[in-house]
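J.: Structure incoming, see below.
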Amino acid sequence: EAGVAQSPRYKIIEKRQSVAFWCNPISGHATLYWYQQILGQGPKLLIQFQNNGVVDDSQLPKDRFSAERLKGVDSTLKIQPAKLEDSAVYLCASSLGLVGEQYFGPGTRLTVT
Amino acid sequence: AQTVTQSQPEMSVQEAETVTLSCTYDTSESDYYLFWYKQPPSRQMILVIRQEAYKQQNATENRFSVNFQKAAKSFSLKISDSQLGDAAMYFCAYRSRFTSGTYKYIFGTGTRLKVLA
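Protein chains in written order, with my numbering: chain A, 1 to 113; chain B, 1001 to 1117.
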């Protein structure tokens, strides 16, 4: 079966610009996660969706970050405007349900200059 | 608040030998899941092994096993007969159970494992 797809794989932007990341989860997976992984740190959960509803977004910087999962399949994570400290790998993961095993995508490496 | 600590930034092991990666966590919950994830260089993160807190028996997956000490809040990963393909970053992670009402996935900072030929 196809894995979790993410695009783009790499993105370089200047601070104050906007950027969007896309994630396509494994077919049939109801739960989708976005993580931020700063170099040298473990992944930090930003937001978790169950179908098209948000389960947890307590660590999402809502003044600049937004995410949506229209129709409960693909998801987009947006940063507007970007800051230098947003440089990180953004990982998307999906699972069958809230208690299922997470499958991770390859990530998008964002560099903010 | 729950925390996960991996005190070993880097470990090395000789091929075919055994290595143990340490993880401690802090929580006030009684029911939760613990995980070890592997992140090879430039490759996707994959689940290595999981442990449910209410199960006393330590989880085992082929060459990978855990030593789960609930009272001590310790969750170490043992890799037996290490292979070159085991070289990766290993992350310990905590997740509260569904019945807690909220989900919290918390990862440690990782341990880089080097396997020497």
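For every residue, glycine included, the Cβ atom is placed at its ideal position computed from N, Cα and C.
Model, not experiment: these values are computed from the prediction.
In whole angstroms, what is the alpha-carbon distance linking Phe1091 of chain B and Gly3 of chain A?
T.: 21 angstroms
J.: If you draw a straight line from the alpha carbon of Val1066 of chain B to that of Thr1060 of chain B, how long is it in whole angstroms?
T.: 7 angstroms
J.: Between Ala1001 of chain B and Ala20 of chain A, what straight-line distance do the alpha-carbon atoms span, to the nearest angstrom?
T.: 31 angstroms
J.: Which residue's Cα is closest to the Cα of Tyr1037 of chain B: A:Ile38, A:Trp34, A:Pro43 and A:Gln36?
T.: A:Pro43
J.: Would you call the CB atoms of Ile1079 of chain B and Arg1063 of chain B closer than 8 angstroms?
T.: yes
J.: Find the residues of chain B that neighbour Gly42 of chain A, judging by a C-beta separation of less than 7 angstroms, and give them in chain order.
T.: Here the neighbours are Phe1091, Phe1107, Gly1108, Thr1109 and Gly1110.
J.: If you count every other CB in all the chains shown that lies within 10 Å of the CB of Val112 of chain A, and 16 or more means buried, which is it?
T.: buried
J.: In angstroms, rounded to a whole number, what distance separates the CA positions of Ser27 of chain A and Gly72 of chain A?
T.: 11 angstroms
J.: For Val99 of chain A, count the other beta carbons within 10 Å of its own beta carbon; 16 or more makes it buried, fewer makes it exposed. Which is it?
T.: A residue is called buried once 16 or more other Cβ atoms fall within 10 Å of its Cβ, and Val99 of chain A, having fewer, is exposed.
J.: Using beta carbons (cut-off 8 angstroms, strictly below), is Gln1002 of chain B in contact with chain A?
T.: No, Gln1002 of chain B does not count as interfacial toward chain A.
J.: Just checking: is the beta-carbon of Asp63 of chain A within a distance shorter than 8 angstroms of some beta-carbon in chain B?
T.: no
J.: So if DSSP puts Asp1026 of chain B in a beta bridge, which residue, or which two residues, is it bridged to?
T.: B:Thr1003
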